[in-house]
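Working notes, structure below.
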Amino acid sequence: ALLGFVAENKLIASVIVLILVSVISLVIGLTWGLAQAVGWMGALVLDLTGLWVFLRVIVRMLVFPGSTSCFRRSTEYNYDCDLSRQVITPLYEFRGLLDIFVRGSDADPRVDIAHIPVAVEMLTVLCRN
């Protein structure tokens, strides 16, 4: 399967290999530089510590995307949109109830009387908070 991918997408495969070689060269270079300063055991400890921190950040980003600043605004925007979708229907129904009280039979016919208790309960909760 991998050879078929490489045969079909030579440019993508070569870019992936180039990126991997660059990352491996960077890690080897940093390890060699650290080994000159703190010895090979110290460089190994620092490499493993860096790998551990890197993996923790990656896992945190995958599990809790709003915990990192680069995804925070997008996550908050999606949360706000979902919350407003949940709130808009009861508010619309409550507005319809008020229209029924004020105008009588001339109110909006799209209002479903069955949803009005949900709207009143939602407004009660909002007033409490």
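This note's numbering numbers the first residue of the sequence shown as -13 and each following residue consecutively. Don't be surprised by glycine CBs; every beta carbon is placed ideally from N, CA and C. Keep in mind that this is a model prediction, so the values were computed, not measured.
Could you compute how far the alpha carbon of residue i sits from the alpha carbon of residue j?
i	j	result
I10	L4	10 angstroms
L84	R42	53 angstroms
D33	Q22	14 angstroms
T17	L6	16 angstroms
R81	D68	21 angstroms
N64	S8	36 angstroms
E(-6)	L12	29 angstroms
V111	L48	34 angstroms
E107	C113	10 angstroms
P51	T61	7 angstroms
Just mark residue i as buried or exposed, buried being the case when its beta carbon has 16 or more other beta carbons within 10 Å.
i	result
A105	buried
E79	buried
Near residue i, which residues of its chain fall below 6 angstroms by C-beta distance, leaving aside the five closest residues on each side in sequence?
i	result
G15	none
T54	M47
V39	none
Looking at the unbroken alpha helix (DSSP H) that takes in residue i, where does it start and where does it end?
i	result
F121	The structure shown does not extend to residue 121, since the chain is modelled only from -13 through 115, so no value can be given for it.
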